[in-house]
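Student: FYI, the UniProt record's numbering numbers position 179 of the sequence shown as 179, with every residue one higher than the one before it.
Just so it is clear, CB atoms sit at the ideal spot from N, CA and C, and this is done for glycine as well.
Treat the numbers as computed from the prediction; the structure is a model and nothing was measured.
Have a look at the structure that comes next, please.
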Amino acid sequence: MGRVGWQTRGMGGELRVRGGGSGEPVLILLHGLGATGDVWAGWEPLLARDWPGRWLAPDLPGHGGSAELPEYTFDALAEAVGTLVTPGEHTVVLGHSLGGVVATFLPVTAVVALGVKVSWSTEELERARSLAGRPVSWFDSPEDALARHLRVSGLGGLVGAEHPAARAGVREQDGRWRLALDPRAFGVGAPDMAGLIARSPAAVTLARGEHDPMNTGDQLEQFGRPVVTLAGLGHNAHVESPHQCLALLPGVA
């Protein structure tokens with residue numbers, strides 16, 4: 001896979017996967033809830049220059065062009081993404097938010113979990129369950145659908161309507177538009193991060209943007225793994241500054 005392009009992979013459901021490069025180490029990039037693998041578009045020139053192996057950026061199940069799941073659990077998401085992991089290969093995963101949780105399930109060498117929300121209130125979980133129970137919203141124009149997608153994914157103000165991460169987040173059907181997101185994915189729940197990190201076979205690093213409202217440095221430090229705070233960045237630090245986030249990866253100078 002020397003050139004950048006899309007492919008489909010998966011067992012029991014297809015994954016839309018963007019990738020490039022060749023050989024090892026393998027880098028898997030996992031986006032957050034509501035986004036798609038296109039959020040990593042700004043990384044491609046840096047990966048071509050600085051990453052020595054190949055890289056893969058899937059749409060998580062129920063997002064973008066990937067198949068929906070009968071039920072959204074962290075285990076089910078990880079099982080789907082796990083089809084991208086080849087036993088015996090040196091594999092590093094950088095996951096953002098929901099993707100960071102999924103990354104801790106995978107049998108890989110190293111994990112960087114960026115912007116993971118580790119503390120959930122009852123009210124927050126109830127709101128997530130309410131969102132998961134809502135029907136798909138339909139829009140009469142792509143512009144309205146795009147605006148909603150950018151709000152839901154947290155990308156508003158960070159990317160424009162023509163950015164790949166915006167366009168991939170909406171879908172047209174019979175002259176109407178919707179988000180390319182299964183709303184049931186909001187019901188995935190709160191992760192047991194202490195247990196996941198303790199059981200992960202990988203070397204886990206926790207990272208956050210300095211201005212990320214989803215977590216604090218103290219919350220992340222309780223897990224006893226290295227914590228990195230990226231100065232000046234927010235929750236979508238990987239979109240704001242690909243260069244700073246790429247430097248989190250082992251093997252990148």
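Rank T86, F74, F105 by C-alpha distance to the C-alpha of V204 and give the top, closest one.
Tutor: Position 204 of the sequence shown, counted from the start, is the residue given in the question as residue 204. The shortest Cα separation from V204 among T86, F74, F105 belongs to F105.
Student: Among W43, P52, A57, whose alpha-carbon lies nearest the alpha-carbon of H31?
Tutor: As a first step, residue 31 is located in the sequence shown; it is residue number 31 there, counting from the start. Per the Cα distances, A57.
Student: Do the CB positions of V85 and V108 come within less than 8 Å of each other?
Tutor: By 1-based counting over the sequence shown, the position of residue 85 is 85. By 1-based counting over the sequence shown, the position of residue 108 is 108. Taking 8 Å as the Cβ cut-off, V85 and V108 qualify as a contacting pair.
Student: What is the DSSP secondary structure of V102, counted as helix, strand or coil?
Tutor: Indexing the sequence shown from 1 puts residue 102 at position 102. Of the three classes helix, strand and coil, the one that applies to V102 here is helix, per DSSP.
Student: Would you mind listing the beta strand (DSSP E) stretches within the segment 17 to 84 that are 3+ residues and don't spill past its ends, in chain order?
Tutor: Segments of the beta strand (DSSP E) lying fully in the segment 17 to 84: 26 to 30, 55 to 58.
Student: Buried or exposed for H149, please, with buried defined as at least 16 other CB atoms from any protein chain shown within 10 angstroms of its CB.
Tutor: One-based indexing of the sequence shown puts residue 149 at position 149. Flag for H149 reads buried.
Student: Whole angstroms are fine: how far does the CA of V26 sit from the CA of L46?
Tutor: As a working note, residue 46 is residue 46 in the sequence shown. As a working note, residue 26 is residue 26 in the sequence shown. If you take the alpha carbons of L46 and V26, they lie about 15 Å apart.
Student: For residue 254, report the span of its alpha helix (DSSP H) as first-last.
Tutor: Examination of residue 254 is not possible in this model, given that the chain is present from 1 through 253 alone.
Student: Could you round the C-beta distance between A165 and T36 to whole angstroms and report it? I think they count as a contact, below 8 Å.
Tutor: Taking the sequence shown and counting its residues from 1, the one referred to as residue 165 is at position 165. Taking the sequence shown and counting its residues from 1, the one referred to as residue 36 is at position 36. Confirmed, Cβ separation roughly 6 Å.
Student: Could you tell me the alpha carbon to alpha carbon distance between S66 and V227, rounded to whole angstroms?
Tutor: On the sequence shown, position 66 is the one that residue 66 refers to. On the sequence shown, position 227 is the one that residue 227 refers to. Distance between the alpha carbons of S66 and V227: 31 Å.
Student: Exposed or buried, which one is S153 when buried takes at least 16 other CB atoms within 10 Å?
Tutor: Sequence index remark: in the sequence shown, residue 153 carries index 153 (1-based). Classification of S153: buried, given that the 10 Å Cβ count is 16 or more.
Student: Could you please give the first and the last residue of the uninterrupted alpha helix (DSSP H) stretch that includes R127?
Tutor: If you number the sequence shown from 1, residue 127 lands on position 127. Looking at the DSSP string, the run of the alpha helix (DSSP H) that includes R127 is 122 to 132.
Student: Please list the segments of the beta strand (DSSP E) lying wholly inside the segment 192 to 235, counting only runs of 3 or more residues, in order along the chain.
Tutor: For the segment 192 to 235, whole beta strand (DSSP E) runs of length 3 or above, ordered along the chain, are 203 to 209, 227 to 230.
Student: As a quick exercise: from A198, A202, R208, pick the residue whose alpha carbon is nearest that of G224.
Tutor: Here residue 224 refers to the residue found at position 224 of the sequence shown. Ranking the options by Cα distance to G224, first place goes to A198.
Student: Would the beta-carbon of A145 fall within 8 Å of that of V170?
Tutor: Position 145 of the sequence shown, counted from the start, is the residue given in the question as residue 145. Position 170 of the sequence shown, counted from the start, is the residue given in the question as residue 170. For A145 and V170, yes; Cβs fall inside 8 Å.
Student: Go ahead and label G23 buried or exposed: buried means 16 or more other beta carbons lie within 10 angstroms of its beta carbon, across all protein chains shown.
Tutor: The count along the sequence shown starts at 1 and reaches residue 23 at position 23. Its Cβ having fewer than 16 others within 10 Å, G23 is exposed.
Student: For a test of the three-state rule: what should DSSP assign to G95, helix, strand or coil?
Tutor: On the sequence shown, position 95 is the one that residue 95 refers to. G95: strand per DSSP, three-state reduction.
Student: Give the C-beta separation of A190 and G115 to the nearest angstrom, bearing in mind that I take them to be a contact with Cβ-Cβ under 8 Å.
Tutor: Here residue 190 corresponds to residue number 190 of the sequence shown, with the count starting at 1. Here residue 115 corresponds to residue number 115 of the sequence shown, with the count starting at 1. Between G115 and A190 the Cβ distance is about 15 Å, and since that is not below 8 Å, they are no contact.
Student: Looking at the secondary structure, which residues open and close the alpha helix (DSSP H) in which E143 lies?
Tutor: As a working mapping, residue 143 is identified with position 143 in the sequence shown. Per DSSP, E143 belongs to the alpha helix (DSSP H) from 142 to 153.
Student: Once you ignore the five residues that flank S119 on each side, which residues in its own chain have a CB closer than 6 Å to its CB?
Tutor: Position 119 of the sequence shown, counted from the start, is the residue given in the question as residue 119. Only Q219 meet the Cβ criterion.
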